[in-house]
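What follows is the structure, given as structure tokens:
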């Protein structure tokens, strides 16, 4: 199998990396990735912290099929919460 690749405007090879998961333990819910994504791939999710009897917001991948593989979300993430994958064709 081959990996999906494309070309940049300048003609360089480019391999899209698609958002696969977000580590909820690292995520601080800052929303930077949410603002960076123009494809509405991400959305907030509440996580219950039973130890502290509180709730905190983290980001989650709500529409993975909308991802175009730009990795802008991961570039803006201050905690490096994202895992990316390539697409085999």
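Residue numbers (full-length UniProt numbering): 1 to 89. Virtual Cβ for every residue (Gly too), placed ideally from N, Cα, C. These numbers come from a predicted model, not from an experiment.
Per DSSP, residue i is paired with what?
| i | result |
| --- | --- |
| residue 19 | 84 |
| residue 42 | 61 |
| residue 47 | 56 |
| residue 6 | 14 |
Alpha carbons only, please: which of the options is nearest the one belonging to residue i?
| i | options | result |
| --- | --- | --- |
| residue 34 | 89, 1, 77 and 86 | 77 |
| residue 59 | 74, 6, 86 and 12 | 74 |
| residue 81 | 31, 14 and 16 | 31 |
| residue 38 | 6, 69, 3 and 5 | 69 |
| residue 67 | 84, 44 and 11 | 84 |
| residue 45 | 11, 28 and 8 | 28 |
Please go through the same chain and pick out, in chain order, the residues whose beta-carbon is closer than 7 Å to the beta-carbon of residue i, but skip the five residues on each side of it.
| i | result |
| --- | --- |
| residue 23 | 81 |
| residue 63 | 40 and 41 |
| residue 20 | 83, 84 and 85 |
Looking only at its chain, what residues have a beta carbon closer than 8 Å to the beta carbon of residue i, apart from the 5 residues adjacent to it on each side?
| i | result |
| --- | --- |
| residue 49 | 55 and 56 |
| residue 3 | 15, 86, 87, 88 and 89 |
At what residues does the alpha helix (DSSP H) containing residue i begin and finish?
| i | result |
| --- | --- |
| residue 74 | 72-76 |
| residue 34 | 32-36 |
Please work out which residues of its chain come closer than 6 Å, Cβ to Cβ, to residue i, disregarding the five sequence neighbours upstream and downstream, and give them in chain order.
| i | result |
| --- | --- |
| residue 1 | 88 |
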